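Here is the structure we will look at.
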């Protein structure tokens with residue numbers, strides 16, 4: 001994958017091979033600008049593949065997939081819509097919900113999803129009336145409302161403070177456990193990656209390459225206390241040594 | 001509205017306006033300015049009351065021609081703006097022509113319109129339209145062009161079509177720009193209608209002022225100006241109210257300032 005054209009083009013990622021099993025939680029870590037987000041844009045179908053093969057459920061990816069839900073570093077909520085209406089947005093686009101979409105029909109579904117991340121009572125608020133953490137929760141709900149099989153998260157907690165971030169780790173952990181959704185999380189926070197993921201891939205700098213695949217064998221369900229356990233620290237330490245700079 | 005806000009929003013513009021008229025009155029009396037040069041407010045309001053019937057009739061004509069031209073400009077401007085914002089080729093193609101067209105003083109176009117449609121209300125409506133659609137087109141196109149690609153990505157990742165993205169993101173996102181341009185457009189439409197009336201018409205405030213001027217009835221001319229100013233403020237306030245109603249989300253937090 002490359003940005004720009006001709007000689008000036010920047011090759012963002014090169015020779016990346018990875019396989020994600022259904023229901024697996026995968027994290028991709030690497031230094032800033034290593035092509036983590038580019039990889040995600042490829043998988044989501046937002047950016048066409050220049051060379052190589054990319055398949056989801058055995059079929060090559062040619063464009064955006066309906067079975068994918070995405071959340072970004074910025075919550076990217078539509079400011080003119082309430083939290084509830086923002087969460088409902090994918091249902092107005094994606095089949096089969098789109099046909100015969102009505103707000104009454106699905107608002108209960110959206111409300112219970114928002115409640116499950118602790119946003120009961122905030123459904124009618126506009127994005128600017130929500131805190132950063134609340135916005136990000138809403139954004140993750142929006143990525144999940146159409147029941148995608150794959151959840152792509154591009155540094156979703158990057159802009160949050162440490163406490164809110166840990167709170168949202170737990171929210172995401174519980175959502176994934178409840179829904180058995182396949183998750184690919186791009187992050188530069190190693191503790192986040194190790195706490196949440198089954199498998200962590202480490203990428204190197206430009207052009208991005210996968211340099212290590214690392215399985216996290218900590219038992220589930222994981223509690224926040226696990227982040228202070230020696231076994232956890234060892235994995236984080238090992239990953240850190242693979243990333244220079 | 002609490003008392004403090006009431007004082008700021010209602011009392012202060014009222015005091016300022018009254019003060020302006022008082023100063024005007026004092027200057028006229030103190031310097032003994034002749035009526036044919038600058039009539040004092042008392043003379044102007046006297047004329048306004050004395051000739052209220054013809055002033056009312058002519059204001060009504062100016063008002064409806066302005067609104068008709070403004071309405072056509074809104075529909076046309078919105079459509080063209082979305083078209084221009086939709087496709088870059090369309091943008092590149094139309095933009096120079098638009099700018100060229102906007103550079104033509106509309107006073108120069110009025111005689112042509114009169115030639116085509118005769119003396120009457122139609123040239124006024126058309127002038128109001130021609131002068132006011134440009135800011136609407138430019139603003140709507142700008143609103144669409146500056147839509148954050150991240151917001152579009154949210155929809156694109158779901159496999160949304162370009163029409164979907166336009167409906168769900170592009171158009172709502174550019175509504176504040178659209179309504180902002182309406183405030184500019186309504187005053188321009190007003191200018192257009194009056195300009196057309198002063199060049200050639202048989203009714204309207206512009207025509208009334210032209211006749212009064214020819215008869216050296218300067219207080220009536222100023223009465224006409226006052227009516228124009230008041231109508232302009234009312235139309236502006238109406239569009240501003242519509243704007244606040246539809247795009248409240250874009251003005252968040254202003255109540256606290």
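Residue numbers (the numbering used here), protein chains in the order written: chain A, 1 to 245; chain B, 1 to 257. The beta carbon of each residue, even a glycine, is placed where N, CA and C say it ideally should be. Given the structure is predicted, the values throughout are model-derived calculations rather than measurements.
Taking the beta strand (DSSP E) that residue i belongs to, which residues open and close that run?
i             : result
residue 150/A : 150-154
residue 185/A : 182-187
residue 70/A  : 68-71
residue 215/A : 209-215
DSSP on residue i, reduced to helix/strand/coil?
i             : result
residue 19/B  : helix
residue 36/B  : coil
residue 7/A   : Any reading at residue 7/A needs caution, since the residue's pLDDT is 47, under 50, leaving its predicted position unreliable; the model's value is listed next. Residue state, collapsed to three classes: helix.
residue 25/A  : strand
residue 60/A  : strand
residue 239/B : helix
residue 82/A  : coil
residue 187/B : helix
residue 227/A : helix
residue 164/A : helix
residue 248/B : helix
residue 242/A : helix
Would you give the residue range spanned by the alpha helix (DSSP H) that residue i belongs to?
i             : result
residue 156/B : 149-156
residue 289/A : There is simply no residue 289/A to check, as chain A begins at 1 and stops at 245 in what is shown.
residue 4/B   : 3-6
residue 36/A  : 36-44
residue 139/A : 132-144
residue 66/B  : 52-86
residue 202/B : It is not in any alpha helix (DSSP H) - residue 202/B carries neither H nor E in the DSSP assignment.
residue 217/B : First-last for residue 217/B: undefined, no H or E at that position.
residue 131/B : 121-145
residue 103/A : 103-116
residue 111/B : 110-117
residue 191/A : 190-196
residue 162/B : 162-165
Less than 8 Å between the C-beta atoms of residue i and residue j, yes or no?
i             : j             : result
residue 228/B : residue 194/B : yes
residue 224/A : residue 166/A : yes
residue 17/A  : residue 140/A : no
residue 221/A : residue 177/A : yes
residue 246/A : residue 162/A : Outside the modelled stretch of chain A, which goes from 1 to 245, sits residue 246/A, for which no answer is possible.
residue 36/B  : residue 218/B : yes
residue 212/B : residue 48/B  : no
residue 93/B  : residue 63/A  : no
residue 183/A : residue 145/A : no
residue 157/A : residue 168/A : yes
residue 132/A : residue 164/A : yes
residue 129/A : residue 84/A  : no
residue 73/B  : residue 129/B : yes
residue 92/A  : residue 101/A : yes
residue 185/B : residue 132/B : yes
residue 44/A  : residue 68/A  : yes
residue 231/B : residue 63/B  : yes
residue 197/A : residue 73/A  : no
residue 127/A : residue 90/A  : no
residue 255/A : residue 137/A : With chain A covering 1 to 245 only, the question about residue 255/A has no answer from this structure.
residue 242/A : residue 153/B : no
residue 185/A : residue 153/A : yes
residue 56/B  : residue 40/B  : no
residue 194/A : residue 235/A : yes
Name, please, each residue of chain D whose Cβ falls closer than 7 Å to the Cβ of residue i.
i             : result
residue 249/B : Protein chains in the displayed structure are A and B, and chain D is not among them.
Residues within the region 54-68 of chain A neighbouring chain B, beta-carbon criterion of under 8 Å
63, 64, 65, 66 and 68
Please list, in chain order, the residues of the region 122-153 of chain B that have any C-beta partner in chain A closer than 9 Å.
148, 150, 151 and 153
With three or more C-beta pairs closer than 8 Å as the rule, is the region 26-37 of chain A touching the region 195-213 of chain A?
yes
Cβ contact check for the region 179-191 of chain B and the region 129-139 of chain B: 3 or more pairs under 8 Å
yes
Would the region 194-204 of chain B and the region 163-174 of chain B be scored as touching if the rule is three or more Cβ pairs under 8 Å?
no
Determine which residues of the region 213-245 of chain B have a Cβ less than 8 Å from any Cβ of chain A, and write them out in chain order.
none
Against chain A, which members of the region 151-172 of chain B pass a CB distance test of less than 8 Å?
151, 153, 154, 155, 156, 157, 158, 159, 160, 164, 168, 169 and 172
For the region 19-45 of chain B, enumerate the residues whose C-beta is nearer than 7 Å to any C-beta of chain A, in chain order.
none
When the Cβ atoms of the region 66-76 of chain B are set against those of the region 93-113 of chain B, are three or more pairs found closer than 8 Å?
no
Tell me, please, whether the region 93-106 of chain B touches the region 28-43 of chain B by the rule of three or more beta-carbon pairs shorter than 8 Å.
no
Select from the region 24-55 of chain A all residues with a C-beta closer than 7 Å to any C-beta belonging to chain B, and list them in chain order.
44 and 46
According to a CB-to-CB cut-off of less than 7 Å, which residues of the region 71-88 of chain A neighbour chain B?
72, 74, 76, 78, 79 and 80
For the region 93-114 of chain A, enumerate the residues whose C-beta is nearer than 7 Å to any C-beta of chain B, in chain order.
93 and 94
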